Amino acid sequence: MLRLAVIALLLANAGYYAYTQGWLRSAGLVTPEQAEPQRLQQQIRPETLKVLRAQGATNNPTPPPAPAAAPAADTTAAAPADAGECLQAGIFDEKQATALRTVAASLPQGSWTLEPTPITGRWMIYMGRFDDQETLDKKRAELRARKVDFDRAGGTLELGLSLGRFSTEEAAQRGLTALNAQGVRTARVILERQAAPGFVLKLPAVTDAQRQPWLATLRPAMAGKTLGSCS
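Numbering-wise (the UniProt record's numbering), the sequence shown opens with residue 1 and increments by one.
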């Protein structure tokens with residue numbers, strides 16, 4: 001029985017294959033034609049079909065604009081500007097300040113000032129004036145033996161020795177008393193410098209490029225003083 005079923009199934013498959021391939025056309029068994037002409041013949045009034053456009057659509061839709069690219073970050077660090085350095089020199093007396101004003105007038109306006117700074121009086125414990133260098137050298141040897149510090153008096157006080165300089169007369173007198181206790185007998189207190197008006201030259205912002213030419217302009221009137229950083 002099973003054999004008959006298998007044989008029947010094989011025969012059925014063979015018959016279907018022959019039918020689909022057109023081998024049974026002579027027996028009047030033909031498969032429907034699926035080519036395009038036959039499909040067109042099966043259409044019902046194709047001329048009435050219309051293509052409808054969706055509302056709001058256009059023939060050539062424009063795509064939305066792409067978002068603008070963010071500008072690239074500038075990774076180049078800006079070179080710091082030369083802000084300049086504050087320089088000053090002094091103290092200058094009135095005569096020296098007058099000379100400085102004259103030469104500094106050629107510098108840019110606002111690039112310099114002369115700030116009033118009073119010159120305080122100064123007292124000295126003085127020994128001298130000696131008649132000659134030999135006498136001066138002998139007095140130096142005596143002071144060394146007594147372990148007393150000394151220095152040249154300088155200026156119009158040569159040939160002489162300074163045993164100390166003080167900002168007040170009282171301080172100078174106390175220093176002399178201490179020296180007398182060490183055996184120094186011929187020294188005395190003198191006024192080395194009177195109190196007077198003074199001035200400090202200040203250049204608030206000098207760049208590296210300005211430093212040398214400005215210094216060359218000012219140097220002849222600076223009385224040997226040098227520019228340094230502002231304190």
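Here a beta-carbon is modelled for each residue, glycine too, at the ideal position from N, C-alpha and C. It should be emphasised that the depicted structure is a prediction, and the values quoted were computed from it without experimental measurement.
Beta-bridge partners of Arg122, as assigned by DSSP: Locating residue 122 in the sequence shown gives position 122, counting from the first residue. Paired residues: Arg193.
DSSP-derived helix/strand/coil call for Val148: Position 148 of the sequence shown, counted from the start, is the residue given in the question as residue 148. Val148 falls in the coil class under three-state DSSP.
Backbone CA spacing between Ala99 and Ala223 [nearest angstrom]: For this step, residue 99 is matched to residue 99 along the sequence shown. For this step, residue 223 is matched to residue 223 along the sequence shown. If you take the alpha carbons of Ala99 and Ala223, they lie about 10 angstroms apart.
For Thr186, three-class secondary structure by DSSP: As a position in the sequence shown, residue 186 is number 186, starting the count at 1. Of the three classes helix, strand and coil, the one that applies to Thr186 here is coil, per DSSP.
Cα-Cα separation, Ser111 to Ile125: Numbered from its first residue, the sequence shown carries residue 111 at position 111. Numbered from its first residue, the sequence shown carries residue 125 at position 125. Approximately 42 angstroms between the Cα atoms of the pair.
Beta-ladder partner(s) of Gln88, from DSSP: Stepping through the sequence shown from its first residue, residue 88 is reached at position 88. DSSP, once it has assigned bridges, lists Lys202 and Gly228 as partnering Gln88.
Residue from Ala221, Val206, Leu227 and Leu179 whose Cα sits closest to the Cα of Ala83: Here residue 83 refers to the residue found at position 83 of the sequence shown. Ranking the options by Cα distance to Ala83, first place goes to Val206.
Beta-carbon gap between Gly198 and Gly90 smaller than 9 angstroms: Position 198 of the sequence shown, counting from 1, holds the residue named residue 198. Position 90 of the sequence shown, counting from 1, holds the residue named residue 90. Yes, the Cβ-Cβ distance between Gly198 and Gly90 is below 9 angstroms.
Own chain partners of Leu203 with C-beta closer than 6 angstroms, once the 5 adjacent residues on each side are dropped: Taking the first residue of the sequence shown as 1, we reach residue 203 at position 203. Around Leu203: Leu87 and Trp112.
Pro116, enclosing beta strand (DSSP E) - first and last residue: To locate residue 116, count along the sequence shown from 1; it is residue 116. Its beta strand (DSSP E) spans residues Thr113 to Pro116.
Whole-Å CB distance - Leu114 paired with Leu201, under 8 angstroms assumed: Your numbering for residue 114 matches position 114 in the sequence shown. Your numbering for residue 201 matches position 201 in the sequence shown. About 6 angstroms separates the two Cβ atoms, so the contact holds.
Whole-angstrom C-beta distance between Val148 and Leu176, which should lie under 8 angstroms: The residue given as residue 176 occupies position 176 in the sequence shown. The residue given as residue 148 occupies position 148 in the sequence shown. Incorrect: roughly 12 angstroms between the Cβ atoms, too far for contact.
Length of the line joining the Cα atoms of Arg3 and Thr20: For the purposes of this step, residue 3 is taken as residue 3 along the sequence shown, with counting starting at 1. For the purposes of this step, residue 20 is taken as residue 20 along the sequence shown, with counting starting at 1. Approximately 26 angstroms between the Cα atoms of the pair.
Own chain, CB closer than 6 angstroms to Glu192, minus 5 neighbours either side, in chain order: As a working mapping, residue 192 is identified with position 192 in the sequence shown. Excluding positions up to five away in sequence, the list reads Arg122 and Met124.
Span of the alpha helix (DSSP H), counted from its first residue to its last, around Ala101: Walking along the sequence shown from the start, residue 101 turns up at place 101. Looking at the sequence shown, residue 101 is not Ala but Arg. Taken as a continuous stretch (DSSP letters only), the alpha helix (DSSP H) holding Arg101 covers Glu94 to Ala104.
Range of the contiguous alpha helix (DSSP H) that encloses Gly175: Along the sequence shown, read from residue 1 onward, the residue named residue 175 stands at position 175. Element bounds for Gly175: Glu169 to Ala181.
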